[in-house]
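One structure is given here, and the rest of the page talks about it.
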Amino acid sequence: MKRLSMLIVLVALLGINVFAQTTRSSQISKILGPAKPSLLGTAQRPTDCDTFANLCEDDTLVIYSLSPGSCAPGDKGGYVTGHNCYGDKSKADIFLLPGETIKGLLLYFGVAKAANTTDKFTVRIWDNNGLFGDGSPGAPGTVLASKQVTYNQAKADVLAEELTYVEFTTPVAIPADSIFYAGIDYTYKAGDTLALVVTQQRDNGLCEGINTSVERYSDNTWHTFTESWGLNVSQLILPITCRNVSCIITVTPSAPSICKGKSVTLTASGSSGYMWAPAAGLNTTTGATVIAKPTSTTTYTVTGDGGACSQTVTVTVNSTPTATVTASPCQNGKVLLTRNGTPTTGVKYQWYKGTTPIAGATNATYQATTTGSYKVKVTIIATGCNKTSPPVNVTVNCKMAEGAGMQFNADAYPNPFSHSVTLNISTISTELANVKLMDFSGRVVREFKNVDPSAPFEINEDLAPGVYFVKVNQGTNEKMIKVVKD
Numbered sequence: 001m002k003r004l005s006m007l008i009v010l011v012a013l014l015g016i017n018v019f020a021q022t023t024r025s026s027q028i029s030k031i032l033g034p035a036k037p038s039l040l041g042t043a044q045r046p047t048d049c050d051t052f053a054n055l056c057e058d059d060t061l062v063i064y065s066l067s068p069g070s071c072a073p074g075d076k077g078g079y080v081t082g083h084n085c086y087g088d089k090s091k092a093d094i095f096l097l098p099g100e101t102i103k104g105l106l107l108y109f110g111v112a113k114a115a116n117t118t119d120k121f122t123v124r125i126w127d128n129n130g131l132f133g134d135g136s137p138g139a140p141g142t143v144l145a146s147k148q149v150t151y152n153q154a155k156a157d158v159l160a161e162e163l164t165y166v167e168f169t170t171p172v173a174i175p176a177d178s179i180f181y182a183g184i185d186y187t188y189k190a191g192d193t194l195a196l197v198v199t200q201q202r203d204n205g206l207c208e209g210i211n212t213s214v215e216r217y218s219d220n221t222w223h224t225f226t227e228s229w230g231l232n233v234s235q236l237i238l239p240i241t242c243r244n245v246s247c248i249i250t251v252t253p254s255a256p257s258i259c260k261g262k263s264v265t266l267t268a269s270g271s272s273g274y275m276w277a278p279a280a281g282l283n284t285t286t287g288a289t290v291i292a293k294p295t296s297t298t299t300y301t302v303t304g305d306g307g308a309c310s311q312t313v314t315v316t317v318n319s320t321p322t323a324t325v326t327a328s329p330c331q332n333g334k335v336l337l338t339r340n341g342t343p344t345t346g347v348k349y350q351w352y353k354g355t356t357p358i359a360g361a362t363n364a365t366y367q368a369t370t371t372g373s374y375k376v377k378v379t380i381i382a383t384g385c386n387k388t389s390p391p392v393n394v395t396v397n398c399k400m401a402e403g404a405g406m407q408f409n410a411d412a413y414p415n416p417f418s419h420s421v422t423l424n425i426s427t428i429s430t431e432l433a434n435v436k437l438m439d440f441s442g443r444v445v446r447e448f449k450n451v452d453p454s455a456p457f458e459i460n461e462d463l464a465p466g467v468y469f470v471k472v473n474q475g476t477n478e479k480m481i482k483v484v485k486d
């Protein structure tokens with residue numbers, strides 16, 4: 001909490017009423033002693049927020065009361081800084097403070113009584129654009145913020161010897177001239193009573209002659225305590241003002257993008273607290289680290305330090321391929337397996353028998369020669385997103401055609417070709433083949449080893465137009481095929 005160093009400025013702001021005629025009288029009903037150091041110089045709220053009081057180190061804190069019959073015979077008197085027989089509606093203090101916003105107030109009540117648990121008074125912030133009762137400017141004007149508090153809460157705080165803390169739902173912007181009023185509005189009901197602690201009359205000392213307190217009469221006109229009571233005092237109303245903190249948030253994702261159905265960890269740094277939005281796809285909306293699993297590409301915003309800074313991060317969700325396998329009828333001792341799904345370009349394949357990858361089985365089709373469970377894993381090359389098809393049970397129960405055991409053949413299509421040529425090897429052997437692509441002179445352009453004969457094999461090379469030869473070797477079998485590039 002910080003002592004206000006601008007009291008001389010504040011008394012000048014209220015100086016228009018300093019020499020007005022005193023019309024009310026009061027007396028000290030209770031002396032609470034010197035102002036405690038905790039009310040003068042120690043920050044009580046979080047970093048970047050400070051609590052201020054219109055106090056000097058040598059102030060003495062008291063409660064001023066009115067004697068019964070002060071207003072009319074038979075009345076109960078009351079208190080200068082609260083309910084009284086004059087029917088005052090509001091009490092406030094003027095402030096000239098640093099900061100950008102008012103977070104809340106601390107109120108030091110010396111008296112608080114409650115008729116029940118539901119009756120409420122109102123804590124307010126005003127600008128200084130109003131008029132005093134004599135028509136002079138500088139009184140409380142437009143209400144900038146309000147918050148209701150139960151009399152019962154104030155009563156509990158008095159019994160516990162604590163200050164009543166009131167935090168506004170939304171921080172209040174301090175006016176451009178940094179001047180505002182803070183205080184309370186209250187109504188009158190039997191059993192409800194409030195009185196703020198106030199400084200003793202400042203006849204000498206560091207704050208001699210300084211008054212910062214005002215009140216609103218029952219006729220809704222504003223007056224200074226100097227005018228009303230002949231007092232130069234300050235009430236124990238302590239605003240909590242905050243400055244906006246400059247912070248820069250950095251968000252680091254664990255991956256640049258994700259495949260649909262997967263998650264990514266987002267880690268923020270640079271702030272003392274974090275709020276994430278939207279909540280869709282997040283495991284939590286608070287904390288420096290969250291796990292995001294959106295169903296589509298989503299931009300998340302993380303806000304730090306209560307709104308002082310923010311950053312966005314986009315989680316890109318890439319689609320996964322679809323994959324199913326169809327099996328053709330068994331023919332010539334083989335069952336042709338074909339992957340169905342999308343996309344059909346920009347993907348790569350890997351066939352499995354059971355859980356074991358089949359060497360060289362990397363095309364969209366595969367010829368199974370043995371009974372078993374087969375599946376294919378399809379991967380989008382650009383993103384790495386993949387899908388494995390449900391397994392298909394294959395039974396190879398057909399016989400080879402008569403004389404097929406002696407057969408070995410290979411052919412290529414289309415021929416002539418424009419871009420790529422596909423090689424089909426017909427054989428009963430499962431032995432891997434070697435394939436050589438040669439130009440017209442017999443020079444080997446490219447050699448392919450360990451080619452699976454059970455599946456079509458695509459040759460896609462950047463070739464000049466002309467005549468080429470494809471030489472296929474499997475064990476002792478050999479076949480030379482002439483192909484033409486358009």
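Residue numbers (our numbering): 1 to 486.
All C-beta atoms in this analysis are idealised placements derived from N, C-alpha and C, irrespective of residue type, glycine included.
From which residue to which residue does the beta strand (DSSP E) around residue i run?
i, result
"S65", "T60 to L66"
"E478", "N477 to K485"
"L194", "T193 to L196"
"E458", "F457 to I459"
"V80", "First-last for V80: undefined, no H or E at that position."
"S146", "V143 to T150"
"R216", "S213 to R216"
"K334", "Segment: none, K334 is in no beta strand (DSSP E) and carries neither H nor E."
"N386", "N386 to T388"
"A115", "From DSSP, A115 is part of no beta strand (DSSP E); its letter is neither H nor E."
"Q350", "V347 to K353"
"L266", "V264 to S269"
"P253", "T250 to P253"
"T326", "T324 to A327"
"N409", "F408 to Y413"
What three-state label does DSSP hand residue i in the structure shown?
i, result
"G104", "strand"
"T395", "coil"
"D305", "helix"
"S228", "helix"
"A464", "coil"
"I258", "strand"
"Q153", "helix"
"H419", "coil"
"L40", "The predicted position of L40 is uncertain, since its pLDDT is 41 and thus under 50; no value can be drawn from it."
"S296", "coil"
"G403", "At G403, the pLDDT of 46 sits below 50, so the modelled position is not reliable; the number obtained from the coordinates is stated separately. Coil, per DSSP."
"Q235", "strand"
"K89", "coil"
"G135", "coil"
"C56", "coil"
"A280", "coil"
"T356", "strand"
"I381", "coil"
"R45", "With a pLDDT of only 36 at R45, under 50, the local geometry of the prediction cannot be trusted, and the value read off the model is given with reservation. Residue state, collapsed to three classes: coil."
"I94", "strand"
"P453", "coil"
"A173", "strand"
"I210", "coil"
According to DSSP, which residues form a beta bridge with residue i?
i, result
"R446", "L437"
"E161", "Beta-bridge pairing links E161 to no other residue."
"N473", "N434 and E478"
"R124", "S146 and G183"
"Y366", "L337"
"Q311", "V302"
"I291", "T265"
Do residue j and residue i count as a contact pair if the criterion is CB distance below 8 Å?
i, j, result
"T101", "V198", "no"
"P357", "Y374", "no"
"G77", "S90", "no"
"T252", "T267", "yes"
"G164", "T118", "Note that residue 164 is Thr in the sequence shown here, rather than Gly. In this structure, T118 does not lie closer than 8 Å to T164 by Cβ."
"P140", "W222", "yes"
"S254", "T316", "no"
"L238", "A53", "yes"
"L194", "H83", "yes"
"V483", "V470", "yes"
"C385", "Q331", "no"
"I291", "G270", "no"
"V233", "N211", "yes"
Using a Cβ cut-off of 8 Å (strictly closer), state whether residue i contacts chain C.
i, result
"G205", "Looking at the structure shown, chain C is missing, and only one protein chain is on hand."
- Indicate whether the contact test is met: 3 or more Cβ pairs, each with one atom in the stretch 369-380 and one in the stretch 309-324, closer than 8 Å. With three or more CB-CB distances shorter than 8 Å, the stretch 369-380 counts as touching the stretch 309-324.
- Query: Is there contact here, the stretch 213-222 with the stretch 113-124, by at least three beta-carbon pairs under 8 Å?
  - Reply: Three or more beta-carbon pairs separated by less than 8 Å are not found between the stretch 213-222 and the stretch 113-124, which leaves the two stretches without contact.
- Message: I'd like to know if the stretch 122-142 and the stretch 168-182 are in contact, where contact means that at least 3 CB-CB pairs between them fall below 8 Å.
- Response: Under the three-pair Cβ rule at 8 Å, the stretch 122-142 counts as touching the stretch 168-182.
- Task: Check whether the stretch 445-461 touches the stretch 357-369, taking contact to mean three or more Cβ pairs, one atom from each stretch, closer than 8 Å.
- Result: The stretch 445-461, when compared against the stretch 357-369, does touch it at the 8 Å Cβ threshold.
- Message: With a threshold of 8 Å, are at least 3 pairs of Cβ atoms found where one atom belongs to the stretch 342-358 and the other to the stretch 429-442?
- Response: Remark: fewer than three beta-carbon pairs, one from each stretch, lie closer than 8 Å, so the stretch 342-358 and the stretch 429-442 are not flagged as touching.
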